[in-house]
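Working notes, structure below.
Number of protein chains: 2
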Amino acid sequence: MYRPEIKVVDCTLRDGGLMNEWRFEKQMVKDTFHALAQAGIDYVEMGYRADKKQFSPKDFGAWRFCDEADLREVAYECPTKISIMCDVGRTDYDAFLPASESIVKMVRVATYVKEIDKAIHLAKHVKSMGYEVSVNIMAVSHALEPDLDEALDELAATDFDVVYIVDSFGYFYSEQVHYLAEKYLSRLQGKQVGIHCHNNQQLAFANTIEGIIKGVNYLDGTIYGIGRAAGNCPLELLIGFLKNPKFDVRPVLLLIEKYFLKLIKELRWGYEIPYAITGILNKHPRAAMAFMKGVHGNTFSEFFDELSNVDDV
Amino acid sequence: MYRPEIKVVDCTLRDGGLMNEWRFEKQMVKDTFHALAQAGIDYVEMGYRADKKQFSPKDFGAWRFCDEADLREVAYECPTKISIMCDVGRTDYDAFLPASESIVKMVRVATYVKEIDKAIHLAKHVKSMGYEVSVNIMAVSHALEPDLDEALDELAATDFDVVYIVDSFGYFYSEQVHYLAEKYLSRLQGKQVGIHCHNNQQLAFANTIEGIIKGVNYLDGTIYGIGRAAGNCPLELLIGFLKNPKFDVRPVLLLIEKYFLKLIKELRWGYEIPYAITGILNKHPRAAMAFMKGVHGNTFSEFFDELSNVDDV
Numbered sequence: 004m005y006r007p008e009i010k011v012v013d014c015t016l017r018d019g020g021l022m023n024e025w026r027f028e029k030q031m032v033k034d035t036f037h038a039l040a041q042a043g044i045d046y047v048e049m050g051y052r053a054d055k056k057q058f059s060p061k062d063f064g065a066w067r068f069c070d071e072a073d074l075r076e077v078a079y080e081c082p083t084k085i086s087i088m089c090d091v092g093r094t095d096y097d098a099f100l101p102a103s104e105s106i107v108k109m110v111r112v113a114t115y116v117k118e119i120d121k122a123i124h125l126a127k128h129v130k131s132m133g134y135e136v137s138v139n140i141m142a143v144s145h146a147l148e149p150d151l152d153e154a155l156d157e158l159a160a161t162d163f164d165v166v167y168i169v170d171s172f173g174y175f176y177s178e179q180v181h182y183l184a185e186k187y188l189s190r191l192q193g194k195q196v197g198i199h200c201h202n203n204q205q206l207a208f209a210n211t212i213e214g215i216i217k218g219v220n221y222l223d224g225t226i227y228g229i230g231r232a233a234g235n236c237p238l239e240l241l242i243g244f245l246k247n248p249k250f251d252v253r254p255v256l257l258l259i260e261k262y263f264l265k266l267i268k269e270l271r272w273g274y275e276i277p278y279a280i281t282g283i284l285n286k287h288p289r290a291a292m293a294f295m296k297g298v299h300g301n302t303f304s305e306f307f308d309e310l311s312n313v314d315d316v
Numbered sequence: 004m005y006r007p008e009i010k011v012v013d014c015t016l017r018d019g020g021l022m023n024e025w026r027f028e029k030q031m032v033k034d035t036f037h038a039l040a041q042a043g044i045d046y047v048e049m050g051y052r053a054d055k056k057q058f059s060p061k062d063f064g065a066w067r068f069c070d071e072a073d074l075r076e077v078a079y080e081c082p083t084k085i086s087i088m089c090d091v092g093r094t095d096y097d098a099f100l101p102a103s104e105s106i107v108k109m110v111r112v113a114t115y116v117k118e119i120d121k122a123i124h125l126a127k128h129v130k131s132m133g134y135e136v137s138v139n140i141m142a143v144s145h146a147l148e149p150d151l152d153e154a155l156d157e158l159a160a161t162d163f164d165v166v167y168i169v170d171s172f173g174y175f176y177s178e179q180v181h182y183l184a185e186k187y188l189s190r191l192q193g194k195q196v197g198i199h200c201h202n203n204q205q206l207a208f209a210n211t212i213e214g215i216i217k218g219v220n221y222l223d224g225t226i227y228g229i230g231r232a233a234g235n236c237p238l239e240l241l242i243g244f245l246k247n248p249k250f251d252v253r254p255v256l257l258l259i260e261k262y263f264l265k266l267i268k269e270l271r272w273g274y275e276i277p278y279a280i281t282g283i284l285n286k287h288p289r290a291a292m293a294f295m296k297g298v299h300g301n302t303f304s305e306f307f308d309e310l311s312n313v314d315d316v
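Protein sequence lines correspond, in order, to chains E and P. Each step along the first sequence adds one to the number in the working numbering, with nothing skipped, and position 102 is 105. Each step along the second sequence adds one to the number in the working numbering, with nothing skipped, and position 16 is 19.
What follows is the structure, given as structure tokens:
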């Protein structure tokens, strides 16, 4: 029995791009979009739309910026909608065409709780251009409860479509997901709630299921779990779980063989002890990513002790 | 807040041995036992005690048989108890010393539902020798409900200590774990219930947590998730989750660096698409293990189709 309201949002290129500065080849991006469209995925997030005055296009791949022309080269209009993400404070308000002239259908604004007013300002601008809009509250495992409640109440008063629970550090297990899903759903009456999980403790897929059980309808996944550090909820598992006959896992499996078995060896996302440690300790993965590059040169056990004694990183 | 009744059972050598025919070097086994003892693990399962008339010691490592003398070379009496597993139909009843003369404290009998009467016969024998006894009902995702209920009722009438839920195929998610945990606990009043999960869908740790939430107290884990095919619940994550101060994850982290980062490259347990496919489809991993060895030579997508159309494997 499936819930038709459920929408699957693939973030392969956007979150995966954090591991290679969005330097995915055009052919790979083209094949990825096509396979995801064949698989019946509801939204494909192609990357960020970062401000070119702050980030030089020379230093990044095209999917850090998602120019309209680049998107049109690799994607096409079909039931699978195109999404892009933009960060509070890193976005040029003038970089958006009216939605009616754009291939993009949804814009997701990524924010921390403390920047929620800026996020709402940006999201209102984008919504006024005609896009579907989501606000994704990152690192919610670090948010103070009254601040989060206030942010949700402010969002409740807007016309935005979706608000996301984002477990940036891969810290949550089911009980926290249940608690937050109930909170979001009760404070955001009439809006959809989404969930974006990280896999530091191998709980990204499990926590996504727990979101579904509690009524969360927008579900983020990535192909083979690609994403920053430990990565995300594997899309192939999510499709395997959802019973809606519109989904077909096979195009995703073909794509994994064609590109992702090789990519994972180059980029090394997935379960690794340093990422597990930051997840267990509710810390940003950047310390683990530095450790993985051999910057520290100490043991896992020393890394665990060091991080246990750091108030925040 | 921790639950003092919880016991952690490490199966590194026993389930991991399924990937290398129990050919672990004595020094590695020694270091493993010592580290697990230092970490405060309640039980360490050293391997199987297989019948030497059926399995030749020439064809396997020592931990397929767990001779008393071999165990005494690598382990020692301490608060961490030694466990061994034996399979119904593959066990020599005469291979057990009285518990008072053995270094082994617990014997776990692995069985399918259909062999429950044989399992009870064997478990009674072992119990009469003075050991703690657990009966582990494997592949419960293939069991017919009335058969399972009958088996549990038969077990309820015994003096065995623990009965395990075993998700051999890595098929379950939280709702099935809740359902089975409630069933086992209500039908097995006065006994402890355990859980042993496989990680085909990256749900082994999550499902173990769901067992804990429902009152399951015996928890299986393995170092770095080693085990057949996709492996098991990673012990380091389980210790990170449990709040009992007697556990210390650091000896396990040191051991991972010393042995398991290398071992995983040789033995290749962990998340792989063929294992995910057998998990999604509730099939025995042997088809995936054959696929991984290149026996089939077809694509993931063909493997998925093939397995979807097979009634049972």
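Glycine included, each C-beta is placed from N, C-alpha and C at the ideal position.
- Contact residues of the region 186-220 of chain P toward chain E are Q204, Q205, L206, F208, A209, I212, E213 (C-beta to C-beta distance below 7 angstroms).
- The Cβ neighbour count for E80 (chain E), taken over all protein chains shown within 10 Å, is under 16; the residue is labelled exposed.
- Distances from the CA of V11 (chain E) to each of E:I106, E:K265, E:H199 were compared; the closest alpha carbon is that of E:H199.
- Cβ contact annotation for V77 (chain E) (same chain, cutoff 7 angstroms, sequence separation greater than five): K29, V32, K33, F36, in chain order.
- Among the bridge pairs identified by DSSP, S86 (chain E) is matched with E:E48, E:M109.
- If you check the CB distance, E104 (chain E) and A279 (chain P) do not come in under 8 angstroms.
- Interface annotation, P237 (chain E): in contact with chain P, CB-CB separation under 8 angstroms.
- Positions of the beta strand (DSSP E) runs, each at least 3 residues long and wholly inside the region 216-254 of chain E, are given as 221-224 in order along the chain.
- Between D18 (chain E) and T281 (chain E), the C-beta spacing is not below 8 angstroms.
- DSSP, reduced to helix, strand and coil, places N301 (chain E) outside both helices and strands of the structure shown, so it counts as coil.
- Following the DSSP letters along the chain, one finds D152 (chain P) inside the alpha helix (DSSP H) bounded by residues 148-159.
- A straight line joining the alpha-carbon of P254 (chain P) with that of T94 (chain P) spans about 34 angstroms.
- In the assembly as shown, R111 (chain P) is a buried residue. Its beta-carbon has 16 or more other beta-carbons within 10 Å.
- Not one beta carbon of chain E lies nearer than 8 angstroms to the beta carbon of F175 (chain P).
- Taking a beta-carbon distance threshold of 8 angstroms, A279 (chain E) counts as an interface residue toward chain P.
- Using beta-carbon distances, T35 (chain E) does not count as an interface residue toward chain P, since no partner is under 8 angstroms.
- Assignment of K55 (chain P) by DSSP, reduced to helix, strand and coil, places it in the coil class.
- Proximity of I259 (chain P) to chain E, defined by a Cβ-Cβ separation below 8 angstroms, is satisfied.
- S137 (chain P) counts as buried, since at least 16 other C-beta atoms from the protein chains shown sit within 10 angstroms of its C-beta.
- In this structure, the beta-carbon distance from E48 (chain E) to C14 (chain E) falls below 8 angstroms.
- Listed along chain P are Q204, A279, I280, G282, I283, L284, each with a C-beta nearer than 9 angstroms to that of G243 (chain E).
- Here E135 (chain E) carries a strand assignment [DSSP, helix/strand/coil].
- Annotation: L270 (chain E) has no Cβ neighbours in chain P at a cutoff of 8 angstroms; minimum Cβ distance is about 16 angstroms.
- Neighbours of T302 (chain P) across chain E, judged by C-beta separation under 8 angstroms: L256, L257, E260.
- Under DSSP, C200 (chain E) takes part in a beta bridge, and its partners are E:D170.
- The beta carbons of V252 (chain E) and I267 (chain E) sit about 18 angstroms from each other, so the pair does not count as a contact at 8 angstroms.
- G50 (chain P) is a Cβ neighbour of W66 (chain P), given a cutoff of 8 angstroms.
- In this structure, DSSP gives K117 (chain P) a helical state, which the three-state scheme calls helix.
- Counting along the chain, the unbroken beta strand (DSSP E) around D13 (chain P) starts and ends at 10-13.
- Among the CB atoms of chain P, one or more fall inside 8 angstroms of the CB of V252 (chain E).
- Its chain contains V47, M49, L74, A78, I106, V107, K108 as the residues whose beta carbon lies nearer than 7 angstroms to that of I85 (chain P), once the 5 sequence neighbours on both sides are disregarded; these appear in chain order.
- For I267 (chain E), the enclosing alpha helix (DSSP H) starts and ends at 264-270.
- Q192 (chain E) carries a coil assignment under DSSP once its states are collapsed to helix, strand and coil.
- In terms of Cβ geometry, M292 (chain P) and A232 (chain P) form a close pair [threshold 8 angstroms].
- In the three-state DSSP reduction, V77 (chain P) falls in the helix class (H, G or I).
- Taking 8 angstroms as the upper bound for CB-CB distance, K130 (chain E) and D152 (chain E) are not in contact here, some 23 angstroms apart.
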